[in-house]
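Down below is the structure, laid out as structure tokens.
In our numbering, the protein residues as written are 132 to 350.
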């Protein structure tokens, strides 16, 4: 069942990739017209989502009962890895010439609000095994795209590696995080009902993640 779940998740990922390809700010990155202003706006908005990441992961861990102790332990370890990465993002913003107070005081856009609300709701339910579907999308983004984005951003926004540390960090570490995902998937994807829950959550997270990036050109 885990292998079937993974195949369905890969289909969700392909749909997610196609949606990202239509997001205006990422289209500019692909076309070579991405600017420093685009990057500062991207960091400003990502920070508001990223800072909530360890919170919903921690909430998910606390929602598992004793029968899922091993899974809870893995999720807690993941939360520890993620709980300070927003600080790296803030330093990138400052390295671009931004004011730290501005990014710290920024508000979530509509897509980020929707993503946060969904993740926190699902994480608060008893034994939220479907949250590994969210992990598949978010960590997969870092593993597959972060380094490529960083390379393009450094060239187009005319900045150095001191301003792409957040992306580089995830490009280098999310492969390890994905190994945790595969371990958890084998543990929990043991029925068709569970498989469907995991895949549906991944699909929703993918659409909401794309929505928060689309909002960068609506603000």
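Here a beta-carbon is modelled for each residue, glycine too, at the ideal position from N, C-alpha and C.
query: Who are the Cβ neighbours of residue 280 in its own chain at under 6 Å, not counting the five residues just before and after it?
result: 298
task: Compare the Cα-Cα distances from residue 276 to each of 247, 144, 252, 244 and report the closest residue.
output: 144
- prompt: Apart from the five residues on each side of it in sequence, which residues of its chain come closer than 7 Å, Cβ to Cβ, to residue 271?
  reply: The answer, listed in chain order, is 144, 309.
- prompt: Going by the CB atoms, is the gap between residue 265 and residue 319 shorter than 8 Å?
  reply: no
query: Cα separation between residue 315 and residue 146?
result: 23 Å
In chain order, each beta strand (DSSP E) run of at least 3 residues that lies wholly inside the stretch 190-218: Annotation: the stretch 190-218 contains no complete segment of the beta strand (DSSP E) (minimum length 3 residues).
- prompt: Can the beta-carbon of residue 227 be found closer than 8 Å to that of residue 181?
  reply: Here residue 227 is not near residue 181, since their CB atoms are 8 Å or more apart.
- request: Just the C-alpha distance for residue 209 and residue 184, rounded to the nearest angstrom, thanks.
  value: 10 Å
- prompt: Distance, Cα to Cα, residue 224 vs residue 284?
  reply: One alpha carbon belongs to residue 224, the other to residue 284, and they sit about 13 Å apart.
Residue ranges of each alpha helix (DSSP H) within the stretch 260-289, 4 or longer: 262-287
task: May I ask you to report which of helix, strand or coil DSSP gives residue 222?
output: It is helical.
message: Rounding to the nearest angstrom, what Cα-Cα distance links residue 254 and residue 229 in this structure?
response: 33 Å
query: Cα separation between residue 302 and residue 296?
result: 10 Å
query: Should residue 162 go down as buried or exposed, given a rule of 16 or more other Cβ atoms within 10 Å for buried?
result: Burial call: exposed.
message: For residue 234, which residues in the same chain have their Cβ closer than 6 Å to its Cβ, ignoring the five residues on either side in sequence?
response: 175, 178, 221, 224
- prompt: What number of angstroms, rounded off, separates the C-alpha of residue 168 from the C-alpha of residue 246?
  reply: 24 Å
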